[in-house]
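Step one of this worksheet: look at the structure below.
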Amino acid sequence: MSFTIAIDGPAGAGKSTIAKKAAKKLDFLYMDTGAMYRAMALYLIRNNIYENNEKDIKKACEKADIRIAYEDGVQQIYLNGENVNTFIRTEEVGNMASKSSVNRDIRLKLVELQRKTAAQENVIMDGRDIGSYVLPNADLKIFLTADIKVRVQRRYEEILNKGLKCNPEEIEKDLKERDERDRNREFAPLIQAEDAVLINTSYMTIDEVVEEIIRLART
Ligand code: DC
Numbered sequence: 041m042s043f044t045i046a047i048d049g050p051a052g053a054g055k056s057t058i059a060k061k062a063a064k065k066l067d068f069l070y071m072d073t074g075a076m077y078r079a080m081a082l083y084l085i086r087n088n089i090y091e092n093n094e095k096d097i098k099k100a101c102e103k104a105d106i107r108i109a110y111e112d113g114v115q116q117i118y119l120n121g122e123n124v125n126t127f128i129r130t131e132e133v134g135n136m137a138s139k140s141s142v143n144r145d146i147r148l149k150l151v152e153l154q155r156k157t158a159a160q161e162n163v164i165m166d167g168r169d170i171g172s173y174v175l176p177n178a179d180l181k182i183f184l185t186a187d188i189k190v191r192v193q194r195r196y197e198e199i200l201n202k203g204l205k206c207n208p209e210e211i212e213k214d215l216k217e218r219d220e221r222d223r224n225r226e227f228a229p230l231i232q233a234e235d236a237v238l239i240n241t242s243y244m245t246i247d248e249v250v251e252e253i254i255r256l257a258r259t
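Next comes the structure, spelled out in C-alpha cells:
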C-alpha cells in the first residue's frame, strides 16, 4: 500500500516549494497537479480554444495526451510526447489554467491520472482539491494558507527574480480573482477537507513547515 499526503491551499501559500522539499526528505514522489492543468491550458492556447468553449474542450480532452515522468527526481510534463515543462510557467498559461480548470471534462481527465499515480507510489500531491476530492483517503491532509499580503509579497519576489516587472496591486487583484474562481467553481472547488490539518505559513520559514509536515506524517 502506498502512503499519500495531500497538500491543498490557495496560490502563493508555499505549496509547491514545501511539498517538493518534504518529498525529498521522505523519499516520496512529488506530484504537482497544477502543472497538469497548465499543460492542458497550453494545449487550449496553442489550438485557439477559449476557456468557455465546452464542446471543443471536450474534444481537446481526447486529443491532448498528458503524461508525467520523473527525471533525476524532477517532475517532467509531456503534452502529446513533447516535454512542455519550460512552456507552462508563463503568466498567459497560468491565467488560462485558472479559467479552464473550472471545466469538468478537464478535471475528470486529470484526476484519473493523479489517482493512478497515487495508487502505485508513496506520493505528496499538491493542488486545490486533493484532500477533498482526488484522494479522500489520503493518509495525511494538509491545508496550507498564508495572509493575502504575504502571498502577494512572495509572488512579487518570484516574478522579480525571473527578471520581469510587476506591480503589487495587480498581483493582489490577480490572486484574489484566482482564489475566487478556485473556491467557487461548481465541481471539486478549493476547500479545506474536514480532516485536513491547517497550517498558516505567513510567519513560518519553509523549513519549519517542512519539519511540521514530516512530524505529522510520522505520527
Ligand atoms: O498551482 P498552479 O498555479 O500551478 O495551478 C494552476 C491552476 O490550476 C490554478 O489556477 C488552479 C488550477 N488547479 C486546480 O484547479 N486544481 C488542482 N488540483 C491544481 C491546480
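The sequence shown begins at 41 in our numbering and counts up one residue at a time. We treat Cβ as the ideally placed atom computed from N, Cα and C, and that holds for glycine. Predicted, not measured: the structure shown is a model, and the values here were computed from it.
Taking Lys139 as reference, the option from Asp48, Ile97, Ala236 and Lys65 with the minimal CA-CA separation is Ile97.
Assigned with DSSP and collapsed to three states, Asp235 falls in coil, not helix or strand. Using a 10 angstroms sphere on the CB of Asp166, the tally of other CB atoms reaches 16 or more, which defines it as buried. Asn123 has Tyr118 as its beta-bridge partners, per DSSP. Contact check between the segment 42-55 and the segment 100-115: fewer than three CB pairs, one atom from each, fall below 8 angstroms, which does not count as touching. Scanning the segment 158-210 from its first residue to its last, the whole alpha helix (DSSP H) runs of 4-plus residues come out as 188-201.
For Leu69, the enclosing beta strand (DSSP E) stretches over residues Leu69 to Asp72. At least one heavy atom of the ligand DC lies less than 7 angstroms from the C-beta of Ala137. Glu94 has its alpha-carbon roughly 19 angstroms from the corresponding atom of Met76. The DSSP-derived three-state label of Asp112 is coil. According to the DSSP assignment, Ile128 belongs to no alpha helix (DSSP H), since it is labelled neither H nor E. In this structure, the alpha-carbon of Val163 lies about 33 angstroms from that of Lys213. Taking C-beta atoms as the reference points, Asp145 and Pro229 fail to come closer than 8 angstroms. For Ala46, the enclosing beta strand (DSSP E) has its first and last residue at Thr44 to Asp48. When rounded, the separation of the alpha-carbon atoms in Arg258 and Asn87 is 46 angstroms. At the C-beta level, Gly54 and Ile246 come within 8 angstroms of one another.
Assignment of beta-bridge partners to Ile253 by DSSP yields no partner. The beta carbon of Glu91 is closer than 6 angstroms to those of Lys139 and Ser140 in its chain, skipping five residues each way along the sequence. Per DSSP, the unbroken alpha helix (DSSP H) holding Ala100 starts and ends at Glu94 to Lys103. At a Cβ-Cβ threshold of 8 angstroms, Gln154 and Met71 count as neighbours.
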